[in-house]
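Number 256 marks the last residue of the sequence shown (numbering that gives the first Met the number 0); no jumps. As structure tokens, the structure follows; a few thoughts come after it.
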Amino acid sequence: MSRIKDWFEERLRFSKMFRCMQWCRYPRAKCTCSQGVGYARLHETVEETFREIQYDELASTSREQSEELAFFNDNESFQLVVVERNLCASDLCQLLALKNRTEKSVHWSIIEQWNDLGLERMLEDHEYVLAAYKDMKMFSCHARFKFRFRKEFRKYEFFHHPHQFFPYGMLNIENELSRDENKNPTNPSHLQVEYLVIQEGMCPVIFSHIWIRDEKKKIWIKTYMLLRDQRLFISQKIHSLAKFMRMPKEQALELVR
Numbered sequence: 000m001s002r003i004k005d006w007f008e009e010r011l012r013f014s015k016m017f018r019c020m021q022w023c024r025y026p027r028a029k030c031t032c033s034q035g036v037g038y039a040r041l042h043e044t045v046e047e048t049f050r051e052i053q054y055d056e057l058a059s060t061s062r063e064q065s066e067e068l069a070f071f072n073d074n075e076s077f078q079l080v081v082v083e084r085n086l087c088a089s090d091l092c093q094l095l096a097l098k099n100r101t102e103k104s105v106h107w108s109i110i111e112q113w114n115d116l117g118l119e120r121m122l123e124d125h126e127y128v129l130a131a132y133k134d135m136k137m138f139s140c141h142a143r144f145k146f147r148f149r150k151e152f153r154k155y156e157f158f159h160h161p162h163q164f165f166p167y168g169m170l171n172i173e174n175e176l177s178r179d180e181n182k183n184p185t186n187p188s189h190l191q192v193e194y195l196v197i198q199e200g201m202c203p204v205i206f207s208h209i210w211i212r213d214e215k216k217k218i219w220i221k222t223y224m225l226l227r228d229q230r231l232f233i234s235q236k237i238h239s240l241a242k243f244m245r246m247p248k249e250q251a252l253e254l255v256r
């Protein structure tokens, strides 16, 4: 009788211990442990993280490929255009002319304007606008800048009317005129372009100043430029170039060798 009683008590104790244990009822999803705290299965966490990374990369790539920019007219009105990565300045000018309901022209230009510095730069027709914008933004995050949509007649004026930049007396083209009697000596614009561009004729001395960006100091530096004897000389001191211009040709060449 005592042996039956001991066996019954042992069974009762084992039954209580069994009821206290909590087993995983969801082996392929959420698990319920004895503390009542659930956990996510490892492969599910990895898949969710991978999907989030892919989404972030796609969103970042999309932002890099396009940007909504404002292009101001001279009357301070503006047009918002989503500029894609491969949109060049000439194509954007045609698009802005259509949005502004004005005539299309090769003279339309995109002007990069720095408000605080009073500087402007005309984007070249083949230049990518989004790349220029990112370059401006990366150079200075504090300086104010904007894009302007404006007609710039000087863009191709050199090819149509070169005498505005190089009067007839500045170029030695009398020999070229005498060789070809069919050319009109009263309007030798085509001959000037051919002499300067195609034949690489001797150009007069050209002196001017330009603004150059210093990538390290993040500032603009006023620099003087001298074009002489098919060589370009640059200096930040105007007196140095002025002294160089007064030198004889042989002595100046000795200095640059």
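Cβ atoms here follow ideal geometry from the backbone N, Cα and C, with glycine treated the same way.
Proximity winner among the options, relative to residue i (alpha-carbon distances)
{"i": "residue 110", "options": "238, 68, 145 and 220", "result": "145"}
{"i": "residue 131", "options": "230, 217, 68 and 232", "result": "68"}
{"i": "residue 64", "options": "133, 79 and 230", "result": "133"}
{"i": "residue 112", "options": "97, 98, 135 and 99", "result": "135"}
{"i": "residue 120", "options": "74, 88 and 230", "result": "88"}
Which of helix, strand or coil DSSP assigns to residue i
{"i": "residue 76", "result": "coil"}
{"i": "residue 134", "result": "helix"}
{"i": "residue 57", "result": "The pLDDT assigned to residue 57 is 49, lower than 50, so where the model puts this residue is not dependable; a value taken from the coordinates is nonetheless given after this. Correct three-state label for residue 57: helix."}
{"i": "residue 67", "result": "strand"}
{"i": "residue 235", "result": "coil"}
{"i": "residue 83", "result": "strand"}
{"i": "residue 243", "result": "helix"}
{"i": "residue 104", "result": "coil"}
{"i": "residue 156", "result": "helix"}
{"i": "residue 213", "result": "strand"}
{"i": "residue 116", "result": "coil"}
{"i": "residue 226", "result": "strand"}
{"i": "residue 39", "result": "Caution is warranted here: a pLDDT of 48 is assigned to residue 39, below 50, making its placement in the model unreliable, and no coordinate value can be reported."}
For residue j and residue i, the rounded distance between their alpha carbons
{"i": "residue 122", "j": "residue 238", "result": "31 Å"}
{"i": "residue 95", "j": "residue 148", "result": "8 Å"}
{"i": "residue 244", "j": "residue 124", "result": "34 Å"}
{"i": "residue 150", "j": "residue 107", "result": "4 Å"}
{"i": "residue 259", "j": "residue 90", "result": "In the structure as shown, the chain begins at 0 and stops at 256. Residue 259 is therefore absent and cannot be evaluated."}
{"i": "residue 155", "j": "residue 92", "result": "15 Å"}
{"i": "residue 222", "j": "residue 77", "result": "33 Å"}
{"i": "residue 241", "j": "residue 72", "result": "40 Å"}
{"i": "residue 80", "j": "residue 212", "result": "27 Å"}
{"i": "residue 115", "j": "residue 66", "result": "24 Å"}
{"i": "residue 100", "j": "residue 236", "result": "47 Å"}
{"i": "residue 23", "j": "residue 82", "result": "Its pLDDT being 47, under 50, residue 23 is placed unreliably by the model, and the measurement read from it follows with that caveat. C-alpha separation (whole angstroms): 55 Å."}
{"i": "residue 129", "j": "residue 220", "result": "25 Å"}
{"i": "residue 232", "j": "residue 218", "result": "21 Å"}
{"i": "residue 118", "j": "residue 152", "result": "18 Å"}
{"i": "residue 97", "j": "residue 137", "result": "30 Å"}
{"i": "residue 105", "j": "residue 126", "result": "15 Å"}
{"i": "residue 230", "j": "residue 215", "result": "27 Å"}
{"i": "residue 86", "j": "residue 70", "result": "14 Å"}
{"i": "residue 103", "j": "residue 143", "result": "29 Å"}
{"i": "residue 61", "j": "residue 234", "result": "Low local confidence applies: a pLDDT of 48 at residue 61 is under 50, so the model's placement there is unreliable, with the coordinate-based value given in what follows. Answer to the nearest angstrom: the Cα atoms are 43 Å apart."}
The ligand FAD heavy atom lying under 8 Å from the CB of residue i
{"i": "residue 74", "result": "Annotation note on the ligand FAD: not contained in the displayed structure, which lists no ligands."}
Can we say the region 223 to 237 touches the region 204 to 211, given the rule of at least three CB pairs closer than 8 Å?
Because the criterion of three Cβ pairs below 8 Å is met, the region 223 to 237 and the region 204 to 211 touch.
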